[in-house]
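Participant:
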Amino acid sequence: MNKEIQKLLFFFAKAILIVIVLDFALGKGLEIFYNRMSVGEKARANYFIRKDLSDVIVFGSSRALYHYHAGVLADSLQTTVYNAGRSNQTILYHLALLKTILKRHTPKMVILDVNEEELVKSQKKYELLSALLPYCHYDEDIRALYRKANPGYGFWSWSRSLPYNSSVFATLYRGITRGKDNDIHGFLNHDGVFKDSLKTTDNCAANYPLDPMLEQSFSEFVALCKARNITLFVSVSPRFVQYKCRRPEYEALQNLAKQDGVAIHDYEDLYDDGSYFSDPSHLNSKGALAFSKSIAPILKASLHPQQ
Amino acid sequence: MLFNSVSFLLFFPIVTLIYFLLPHRWRWLHLLVASCVFYMFFVPYYIVILFVTILIDYFAGIWIERSEGRKKKRYLLFSIISTCLVLFVFKYYNFFIDNFNGVAHLIGWNYSIEALSIILPIGLSFHTFQSLSYVIEVYRGKQKAETNFGIYSLYVMYYPQLVAGPIERPQNLLHQFKRQNPFRFQNFYRGARLMLYGFFMKLVVADRLSIYVDTVYTNSDKHSGISLIVATVFFAFQIYCDFAGYSAIAIGASRIMGIGLMTNFRRPYLSSSIGEFWRRWHISLSTWFKDYVFISMGGSHLKNKYKVYFNLMVTFLISGFWHGANWTFVIWGGLNGFYLVVERALRPGQVYTRYIPKFLKMLYVFVLICLSWIFFRSDSLTQALYILNKIGHPGGKLFLPPDPEIMIYCLLSISMILFFEVFYERVYARRKLSRFYRTFNHAFMIFLFFIVLLFGVFDGGQFIYFQF
């Protein structure tokens, strides 16, 4: 064999060996710190994915995280509640989490907070799924869903350290320091009061393309709850914006829900008092308390229809 | 096809492997087909435009070589005009129409011409300049006209440098497609190291900084002076690492196949004068303008120094306009030309050259260059002036991204690139590592690989210079 080719093969053998060993060692080290985290959204997701056994679970984006007061709901429903909402995440993430926890236990009720752009196509929605990467090596369902959304994953799924890409410092810092999260069963209070007046939106003409994968995931989420006899409560929580009309994307979501046999409870226009909000899309602690108290009886009626 | 895409990670090894498996006489054809595939990944039918310019300049080259005197000049002019016409239609037509309509509106003339709704073919300015350099060199008698249409096409289309340079000269590239290129491990090793460094520059530094820069610049009215200063400094590193990263990947990929491309960047932010900066920044374009514009106008050997200053300004204004059909780019070019003219006119005295520490000189160059980047990055002159005004009154709160880790990565990436550049210039390039050279290179490659893996941004960010 040509001497130059020999050198190349020898180089590749050495490089691959070194990369695999170092990648595994780095990945394992970071994984230890990742699992030790006790504060922050990653720590809360870790707890929820690996340990939680609550009867009522809230899924959704930051609007779910800040709007559904788990303490109020638990007192009212007389059961355990966990708020698994996570900023920027969409139905893809919620479906992955639901599939994972169903392997461990079956909750009695699932609250899914959606927004009118839930099914709108956006590459960012796929990219944000990287929050699931640390679990891809251990959970078949999460891996399958991640791969479906990011087909390129197949090329680098071998790497143990890549799941911690762009979160090395947070992982190390939060893994080393101890602390206590200020969440209430996953729920977080959002501070601040929105000072501006109520704005009216008339973006009726906006018609963004829908994503078949998101539609499919929503239907799968509903079907999974039905198959496991879980009461599913789909809702749109309050916003400090007045709509002159409904955008086609929201109509599409409603039609899909109807098709899947589930109602969407729309509370978007529930409050027109700015003191309940910290920004146009998020309730503050006062608003969250009021909203949770107002929907608790409805949830109770859905959970125990016979009472 | 982007260098930072999964498709390229498959495309490159396959093309390279086939290249070395093929007998020498078929290699140019293989590279040409691969280059067509690479280009057609963007907008497939734009290859027709490329083909038209190739066809014109191929025949122009042959006719120029075969003719003499006025006829020769006429062929050159025909080639230059027709090649530039394509560039004009796609890149500058709408700019002129917009300005014409603006002036018409201003003088109350109720007449407007409709703009064309066309997209600029990727890398058009780059391969236009590469084609021009060929016909000019043939005209000057420094290059023989290429008779093999395929090889000439490959010279214009060679995929590593097709969309963002380096803008090659025919003397450097054409003969390399014809010579025997057996596989050499050393070429592979150096090329791979260069590619890895390019990926580091692009994915770890440029794409990370772009998160902060884009947030601040797209809402410049909502951000404080201090945030705009930080964003501008970040942009200086972003654009450098984006473009130098692309060049490093291009040169590295080509090196692996045994084809050498010219160096495009030599650590420009370590320059201690504006003149030096332009000798280190986008070298292939700077030398292009020097060879074909500045020197054609008389160069720096003219007796009348004001004529030299004028020529410098014209060269830089054209260079700015080459970058984009927007007044912001023209001002950017003009500002850099102005810096150079002032530098030449003042001729730094002994005190400056001897007693001012190099670090301070580098800082002075960096600040001036950053000021010009404001025009380069802004969408309009109004925005650029607004930012300059806000920067003039710094204060307010520094914008910090919601995820504090982003800022840590931004600062870390700048520190790393600065450290690598200083280390290369002070230690590596001066061969101070001779004893540990091999070990150091191996360790550096492994280090870069893991830095990219752990700190890289993999959202497929576009290269800034693709738009030119």
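Going down the list, the protein sequences come from chains D and F.
Counting in my numbering, the first sequence runs without a single skipped number right up to 363 at its last residue.
Counting in my numbering, the second sequence runs without a single skipped number right up to 552 at its last residue.
Ideal Cβ positions, reconstructed from N, Cα and C, are used throughout, including at glycine.
(1) Considering just the uninterrupted stretch of the alpha helix (DSSP H) at L258 of chain F, what are its terminal residues?
(2) Would you list the one or two residues that DSSP bridges to T165 of chain D?
(3) Against chain F, does K63 of chain D count as a neighbour if the rule is that its beta carbon must be under 7 Å from one of theirs?
(4) Going by the CB atoms, is the gap between S196 of chain F and N185 of chain F shorter than 7 Å?
(5) Within this structure, are the beta carbons of I340 of chain F and F87 of chain F separated by less than 7 Å?
(6) Given that a residue counts as buried once 16 or more other Cβ atoms are within 10 Å of its Cβ, and exposed if not, what is L447 of chain F?
(7) With DSSP run on the structure shown, which of helix, strand or coil describes D322 of chain D?
(8) Using a C-beta to C-beta distance shorter than 7 Å, which residues of chain D count as neighbours of I492 of chain F?
(9) Assign P128 of chain F to one of two classes, buried (16 or more other C-beta atoms within 10 Å of its C-beta) or exposed (fewer than that).
(10) Taking the beta carbon of K26 of chain F as the centre, do at least 16 other beta carbons fall within 10 Å, making it buried, or is it exposed?
(11) Alpha carbon to alpha carbon, how far is S368 of chain F from Y149 of chain F? Give it in angstroms, no decimals.
(12) Would you mind giving the Cβ-Cβ distance between F289 of chain D and M165 of chain D, rounded to the nearest angstrom? I have them listed as a contact below 8 Å.
(13) Where in the segment 94-174 of chain F do unbroken runs of the alpha helix (DSSP H), each at least 4 residues long, occur, reported from the N-terminal end onward?
(14) Out of F:F394, F:E221 and F:Q260, point me to the one whose CA is closest to A144 of chain F's CA.
(15) Would you list the one or two residues that DSSP bridges to Y138 of chain D?
(16) Have a look at F:A328, F:W416 and F:L430 and flag the residue whose alpha-carbon is nearest the alpha-carbon of S464 of chain F.
(17) At a CB-CB cut-off below 9 Å, which residues of chain F make contact with E97 of chain D?
(18) Have a look at F:H259, F:F162 and F:T347 and flag the residue whose alpha-carbon is nearest the alpha-carbon of V219 of chain F.
(19) Using the C-alpha atoms, what's the distance from G383 of chain F back to R519 of chain F?
(20) According to a CB-to-CB cut-off of less than 9 Å, which residues of the segment 530-543 of chain F neighbour chain D?
(21) Starting from V560 of chain F, follow the alpha helix (DSSP H) in both directions and report where the run begins and ends.
(22) With DSSP as the reference, label D335 of chain D as helix, strand or coil.
(23) Buried or exposed: which applies to W110 of chain F, given that a residue is buried once 16 or more other Cβ atoms fall within 10 Å of its Cβ?
(24) Between the segment 274-292 of chain D and the segment 154-162 of chain D, do three or more beta carbon pairs fall short of 8 Å?
(25) From the beta carbon of G208 of chain D, is the nearest beta carbon of chain F less than 7 Å away?
(26) Relative to chain D, which residues along the segment 297-312 of chain F have a C-beta separation below 7 Å, given in chain order?
(27) Starting from the Cα of D328 of chain D, find the closest Cα among D:L254, D:D131 and D:R119 and give me that residue.
(28) Please name the residue or residues paired with V51 of chain D in a DSSP beta bridge.
(29) Along the segment 75-104 of chain D, where does the CB come closer than 9 Å to a CB of chain F? Name the residues.
(30) Please look up how many angstroms separate the CB atoms of L184 of chain D and N144 of chain D, rounded, as I've assumed it's under 8 Å.
(31) Identify which residue in F:L396, F:R438, F:P254 and F:I343 has its Cα closest to the Cα of F267 of chain F.
(32) Is there a C-beta anywhere in chain D that falls below 7 Å from the one on V90 of chain F?
(33) Between the Cα of Q322 of chain F and those of F:I295, F:S338, F:G336 and F:M346, spot the shortest distance and give me the residue it belongs to.
(34) Do you know offhand how far E531 of chain F's Cα is from Y90 of chain D's?
(35) Establish whether the CB of N340 of chain D and some CB of chain F are separated by less than 7 Å.
(36) I74 of chain D to R522 of chain F, Cα distance in whole Å?
Facilitator: The short version:
(1) Where L258 of chain F is concerned, the enclosing alpha helix (DSSP H) stretches over P254 to K262.
(2) For the record, residue 165 of chain D in the displayed sequence is Met; it is not Thr. According to DSSP, M165 of chain D bridges with D:V112 and D:T287.
(3) Residue-level contact by beta carbon holds for K63 of chain D and chain F, with a gap shorter than 7 Å.
(4) Between N185 of chain F and S196 of chain F, the CB-CB gap stays under 7 Å.
(5) No, the pair does not count as a contact, with Cβ atoms beyond the cut-off.
(6) Exposed: under 16 other Cβ atoms inside 10 Å.
(7) D322 of chain D falls in the strand class under three-state DSSP.
(8) Chain order gives the chain D residues near I492 of chain F as F225, where near means a beta carbon separation below 7 Å.
(9) With fewer than 16 other Cβ atoms inside 10 Å of its own Cβ, P128 of chain F counts as exposed.
(10) The structure shown does not extend to residue 26 of chain F, since chain F is modelled only from 85 through 552, so no value can be given for it.
(11) According to the sequence as given, residue 149 of chain F is Glu; it is not Tyr. Their backbone Cα atoms lie some 25 Å apart in a straight line.
(12) Their Cβ separation, rounded to whole angstroms, is 7 Å, which keeps F289 of chain D and M165 of chain D in contact under 8 Å.
(13) Segments of the alpha helix (DSSP H) lying fully in the segment 94-174 of chain F: 108-124, 131-150 and 153-171.
(14) The shortest Cα separation from A144 of chain F among F:F394, F:E221 and F:Q260 belongs to F:E221.
(15) According to DSSP, Y138 of chain D bridges with D:I113.
(16) The candidate whose alpha carbon is nearest that of S464 of chain F is F:W416.
(17) At a C-beta separation below 9 Å, E97 of chain D has no neighbours in chain F, since its nearest C-beta there lies roughly 10 Å away.
(18) For the residues F:H259, F:F162 and F:T347, the minimum Cα distance to V219 of chain F belongs to F:F162.
(19) Each residue's alpha carbon lies about 45 Å from the other.
(20) Within the segment 530-543 of chain F, the residues whose Cβ lies closer than 9 Å to some Cβ of chain D are I530, F533, F534, L537, L538, F539, G540, V541, F542 and D543, listed in chain order.
(21) This structure gives no information on residue 560 of chain F, because the portion of chain F shown stretches from 85 to 552.
(22) Here D335 of chain D sits in strand by DSSP.
(23) So W110 of chain F ends up on the exposed side.
(24) Yes, they touch.
(25) Yes, G208 of chain D lies at the interface with chain F (some Cβ there is under 7 Å from its Cβ).
(26) From the segment 297-312 of chain F, no residue has a Cβ closer than 7 Å to chain D.
(27) That would be D:L254, whose Cα lies nearest to the Cα of D328 of chain D.
(28) Residue numbering for chain D in the displayed model covers 57 to 363; residue 51 of chain D lies beyond these limits and cannot be assessed.
(29) Listed by position along the chain: V75, L78, D79, L82 and L86.
(30) The beta-carbon separation of L184 of chain D and N144 of chain D, rounded to 5 Å, stays under the 8 Å limit for a contact.
(31) Measuring from the Cα of F267 of chain F, the nearest candidate turns out to be F:I343.
(32) Yes, V90 of chain F lies at the interface with chain D (some Cβ there is under 7 Å from its Cβ).
(33) Of the listed residues, the one whose Cα sits closest to Q322 of chain F is F:I295.
(34) Checking the displayed sequence, the identity of residue 531 of chain F turns out to be Phe instead of Glu. About 22 Å.
(35) No, N340 of chain D does not count as interfacial toward chain F.
(36) C-alpha of I74 of chain D to C-alpha of R522 of chain F: approximately 16 Å in a straight line.
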